[in-house]
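Trainee: Quick note on numbering: the sequence shown equals residues 329 to 706 in the numbering used here.
All residues carry an ideal CB built from backbone N, CA and C; glycine is no exception.
This structure is in structure tokens; I'll ask about it shortly.
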Amino acid sequence: MRIGGGSVSGVAEVLAQFGLSRPLVVTDPWMVSSGTVDRCLEPLRAAGLRAEVFSDTVPDPTDTVIEAGVAVLKGGDFDCLVGFGGGSPMDTAKAMAILAAAPPGTKMRAFKVPAHADRALVPVVCVPTTAGTGSEATRFTVITDTETDEKMLIAGLGALPLAAVVDHELTFSVPPRTTADTGIDSLTHALEAYVSRRANPHADSLALSAMRLIGANLRTAHREPRNAAAREAMMLGATQAGLAFSNSSVALVHGMSRPIGAHFHVPHGLSNAMLLPAVTEFGLNDALRRYAEAARAVGVAGREDADQVAGAKLLEELRALNRDLAVPTPRGYGIDPDAWERLLPTMAAQALASGSPANNPRVPDEAEIVSLYRTVFA
Ligand code: NAD
Numbered sequence: 329m330r331i332g333g334g335s336v337s338g339v340a341e342v343l344a345q346f347g348l349s350r351p352l353v354v355t356d357p358w359m360v361s362s363g364t365v366d367r368c369l370e371p372l373r374a375a376g377l378r379a380e381v382f383s384d385t386v387p388d389p390t391d392t393v394i395e396a397g398v399a400v401l402k403g404g405d406f407d408c409l410v411g412f413g414g415g416s417p418m419d420t421a422k423a424m425a426i427l428a429a430a431p432p433g434t435k436m437r438a439f440k441v442p443a444h445a446d447r448a449l450v451p452v453v454c455v456p457t458t459a460g461t462g463s464e465a466t467r468f469t470v471i472t473d474t475e476t477d478e479k480m481l482i483a484g485l486g487a488l489p490l491a492a493v494v495d496h497e498l499t500f501s502v503p504p505r506t507t508a509d510t511g512i513d514s515l516t517h518a519l520e521a522y523v524s525r526r527a528n529p530h531a532d533s534l535a536l537s538a539m540r541l542i543g544a545n546l547r548t549a550h551r552e553p554r555n556a557a558a559r560e561a562m563m564l565g566a567t568q569a570g571l572a573f574s575n576s577s578v579a580l581v582h583g584m585s586r587p588i589g590a591h592f593h594v595p596h597g598l599s600n601a602m603l604l605p606a607v608t609e610f611g612l613n614d615a616l617r618r619y620a621e622a623a624r625a626v627g628v629a630g631r632e633d634a635d636q637v638a639g640a641k642l643l644e645e646l647r648a649l650n651r652d653l654a655v656p657t658p659r660g661y662g663i664d665p666d667a668w669e670r671l672l673p674t675m676a677a678q679a680l681a682s683g684s685p686a687n688n689p690r691v692p693d694e695a696e697i698v699s700l701y702r703t704v705f706a
């Protein structure tokens with residue numbers, strides 16, 4: 329990992345360290361139209377590398393886009409992929425590397441959990457521009473199956489980037505809505521990693537550090553986009569949160585969030601935010617000490633607060649964050665109540681099938697998930 333302001337200028341050196349010289353840069357259309365991708369292309373070209381670009385990625389990447397990307401990858405003489413952008417381009421690059429290693433005709437769904445996606449055709453180097461999914465540091469990629477509208481979790485060493493270049497200066501241009509959504513995504517990663525049934529001391533230390541950084545800086549980064557200290561803290565927090573959940577897991581919020589994204593096209597961090605207070609309340613008493621410690625890390629409770637008090641303060645803070653960052657309910661977002669109600673059984677089944685709810689401190693059954701979806705709809 330290369331971490332720090334301006335570190336993207338060293339991207340060619342990172343490739344050279346691994347003997348890589350023929351990158352295909354995977355990014356999104358905005359990165360190209362705004363010229364942001366040049367921050368990555370210029371140092372590559374200055375080093376004499378012939379970097380080509382695949383920019384047909386979409387938010388919440390789909391299997392069809394991955395197939396198109398694989399055709400480009402296999403049609404050229406590339407020895408690595410550089411995922412440059414938010415979680416969507418990074419996940420696209422990872423999935424392209426995985427699918428390209430499979431026999432022709434294989435579908436992306438062949439790799440969804442519980443399968444293991446351990447092979448990749450070429451290594452992937454990630455350069456995140458949001459803070460963020462932490463995808464630059466995780467062994468996951470999330471791809472939508474366009475036949476079933478399912479956001480599939482794909483896990484394995486094939487999805488683990490070879491290297492990451494984490495430069496917070498790339499996030500100065502992130503608009504407030506996306507800053508809020510991606511920041512709450514990071515907070516959710518850290519909190520879920522910390523309360524997960526698969527928590528462990530290594531992931532704990534990263535999750536606690538991430539919660540401290542995000543708790544103290546998310547509102548500032550949202551209010552002051554060019555506040556370098558806040559952006560730096562958020563970027564580091566996002567990467568640490570990614571490392572944390574990649575070494576333990578996410579839990580019920582993520583399990584329930586993916587179907588909302590797939591069926592109603594709500595940005596990933598925003599659907600997490602819609603769920604976070606209610607799902608935290610659902611599991612609070614089953615991991616009270618951990619939630620209380622999280623409240624202290626986020627900075628809303630102190631040592632003097634008993635666990636019950638600290639847990640209540642955490643809930644209060646999550647609700648306040650949603651108010652301050654203008655997070656709508658699904659109804660407020662404009663989702664049709666009938667469509668929501670009709671899809672609840674499918675969404676609950678897809679949430680459970682992802683495996684993430686089984687890591688929650690309180691493991692819900694299908695009926696409880698449906699009931700939580702009804703609670704948050706508002
Ligand atoms: P995104 O990549 O979809 O980007 C959201 C928007 O922000 C896009 O319009 C993009 O062009 C814009 N944007 C990105 N960087 C910008 C910048 N520096 N300045 C201005 N605009 C910028 O959003 P995301 O939240 O980063 O990623 C979401 C995706 O990541 C989802 O598909 C989600 O499922 C996935 N995800 C993956 C993991 C993982 O471990 N692989 C973890 C969490 C989420």
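Do Ile482 and Phe500 have their C-beta atoms within less than 8 angstroms of each other?
Mentor: Here the question's residue 482 lines up with position 154 in the sequence shown. Here the question's residue 500 lines up with position 172 in the sequence shown. No, they are not a contact pair.
Trainee: Taking 7 angstroms as the cut-off, is the beta-carbon of Asp495 closer than that to any non-hydrogen atom of the ligand NAD?
Mentor: Looking up residue 495 in the sequence shown gives position 167. Every heavy atom of the ligand NAD is 7 angstroms or more from the Cβ of Asp495, so no.
Trainee: Can you tell me whether DSSP reads Leu653 as helix, strand or coil?
Mentor: Sequence index remark: in the sequence shown, residue 653 carries index 325 (1-based). Note: Leu653 maps to coil in three-state DSSP.
Trainee: Can you tell me which residues form a DSSP beta bridge with Gly543?
Mentor: Position 215 of the sequence shown, counting from 1, holds the residue named residue 543. Beta-bridge partners of Gly543 (DSSP): none assigned.
Trainee: Using a Cβ-Cβ cutoff of less than 6 angstroms, which residues in the same chain neighbour Leu534 once the five nearest sequence positions on both sides are dropped?
Mentor: Start at 1 with the first residue of the sequence shown, and residue 534 comes out as number 206. The answer, listed in chain order, is Gln568, Leu571 and Ala572.
Trainee: Using a Cβ-Cβ cutoff of less than 6 angstroms, which residues in the same chain neighbour Ala527 once the five nearest sequence positions on both sides are dropped?
Mentor: Taking the first residue of the sequence shown as 1, we reach residue 527 at position 199. Same-chain partners within the cutoff: Ser576.
Trainee: Could you please give the first and the last residue of the uninterrupted beta strand (DSSP E) stretch that includes Gly411?
Mentor: Within the sequence shown, the letter at position 83 stands for residue 411. Its beta strand (DSSP E) spans residues Cys408 to Gly413.
Trainee: In whole angstroms, give me the CA-to-CA distance for Glu552 and Val400.
Mentor: As a position in the sequence shown, residue 552 is number 224, starting the count at 1. As a position in the sequence shown, residue 400 is number 72, starting the count at 1. Looking at the two C-alpha atoms, the distance is approximately 39 angstroms.
Trainee: What does the Cβ neighbour count give for Glu632, buried or exposed, with the cut at 16 atoms within 10 Å?
Mentor: Locating residue 632 in the sequence shown gives position 304, counting from the first residue. Per the 10 Å Cβ criterion, exposed.
Trainee: Rounded to whole angstroms, what is the Cα-Cα separation between Leu464 and Leu700?
Mentor: Here residue 464 refers to the residue found at position 136 when the sequence shown is read from its first residue. Here residue 700 refers to the residue found at position 372 when the sequence shown is read from its first residue. One detail in the question is off: residue 464 reads as Glu in this sequence, not Leu. If you take the alpha carbons of Glu464 and Leu700, they lie about 31 angstroms apart.
Trainee: Report the three-state DSSP secondary structure of Thr479 (helix, strand or coil).
Mentor: Position 151 of the sequence shown, counting from 1, holds the residue named residue 479. Checking the displayed sequence, the identity of residue 479 turns out to be Lys instead of Thr. Note: Lys479 maps to strand in three-state DSSP.
Trainee: At what residue ranges does the region 484-541 contain a whole run of the alpha helix (DSSP H), taking only runs of 4 or more?
Mentor: As far as the region 484-541 is concerned, its whole alpha helix (DSSP H) runs of at least 4 residues are 504-523.
Trainee: Could you check if Thr507 is buried or exposed, using at least 16 other CB atoms within 10 Å of its CB as the buried criterion?
Mentor: In the sequence shown, counting from the first residue as 1, residue 507 sits at position 179. Counting the other Cβ atoms within 10 Å of the Cβ of Thr507 gives 16 or more, which makes it buried.
Trainee: Residues bridged to Glu380 by DSSP?
Mentor: Position 52 of the sequence shown, counted from the first residue, corresponds to residue 380. For Glu380, which the question treats as bridged, DSSP gives the partners Leu352.
Trainee: Closest to Val704 by CA distance: which of Glu497, Thr355 and Leu672 is it?
Mentor: Position 376 of the sequence shown holds residue 704. It is Leu672.
Trainee: Does the count of Cβ pairs from the region 385-396 and the region 443-455 closer than 8 angstroms reach three?
Mentor: no
Trainee: Between which two residues does the alpha helix (DSSP H) carrying Asp405 extend?
Mentor: Position 77 of the sequence shown, counted from the start, is the residue given in the question as residue 405. No alpha helix (DSSP H) holds Asp405; DSSP gives it neither H nor E.
Trainee: Would His530 be called buried (16 or more neighbouring beta carbons within 10 Å of its own) or exposed?
Mentor: What you label residue 530 is simply residue 202 of the sequence shown in a count that begins at 1. His530 comes out exposed.
Trainee: Tyr619 to Val655, Cα distance in whole Å?
Mentor: Working through the sequence shown from its first residue, we reach residue 619 at position 291. Working through the sequence shown from its first residue, we reach residue 655 at position 327. Each residue's alpha carbon lies about 22 angstroms from the other.
Trainee: Ala579 and Glu644 - do their beta-carbons sit closer together than 8 angstroms?
Mentor: Against the sequence shown, residue 644 aligns to sequence position 316. Against the sequence shown, residue 579 aligns to sequence position 251. Not a contact, by the Cβ cut-off of 8 angstroms.
Trainee: Under 8 angstroms, do Thr472 and Gly414 count as touching if we go by C-beta distance?
Mentor: Looking up residue 472 in the sequence shown gives position 144. Looking up residue 414 in the sequence shown gives position 86. Judged by their CB atoms, Thr472 and Gly414 are not nearer to each other than the 8 angstroms cut-off.
Trainee: Alpha carbon to alpha carbon, what distance is there between Val594 and Arg659?
Mentor: Here residue 659 refers to the residue found at position 331 of the sequence shown. Here residue 594 refers to the residue found at position 266 of the sequence shown. Approximately 12 angstroms, taken between the alpha carbons.
Trainee: Have a look at the DSSP bridge pairing and note the partners of Pro456.
Mentor: Counting from 1 along the sequence shown, the entry for residue 456 is found at position 128. Looking at the DSSP output, Pro456 sits in a beta bridge with Gly413.
Trainee: What is the DSSP secondary structure of Thr703, counted as helix, strand or coil?
Mentor: Here residue 703 corresponds to residue number 375 of the sequence shown, with the count starting at 1. Reduced to three states, the DSSP call for Thr703 is helix.
Trainee: Between Gly332 and Asp495, how many whole angstroms is the CB-CB distance? I'm expecting something under 8 angstroms.
Mentor: Residue numbering aside, residue 332 sits at position 4 when the sequence shown is read from its first letter. Residue numbering aside, residue 495 sits at position 167 when the sequence shown is read from its first letter. About 7 angstroms separates the two Cβ atoms, so the contact holds.
Trainee: Since Ala679 contacts Gly583 with CB under 8 angstroms, what's their CB separation in whole angstroms?
Mentor: Position 351 of the sequence shown, counted from the first residue, corresponds to residue 679. Position 255 of the sequence shown, counted from the first residue, corresponds to residue 583. Confirmed, about 4 angstroms.
Trainee: At what residues does the alpha helix (DSSP H) containing Val581 begin and finish?
Mentor: Reading the sequence shown from its first residue, position 253 is the one you call residue 581. For Val581, the uninterrupted alpha helix (DSSP H) run begins and ends at Leu580 to Phe592, by DSSP.
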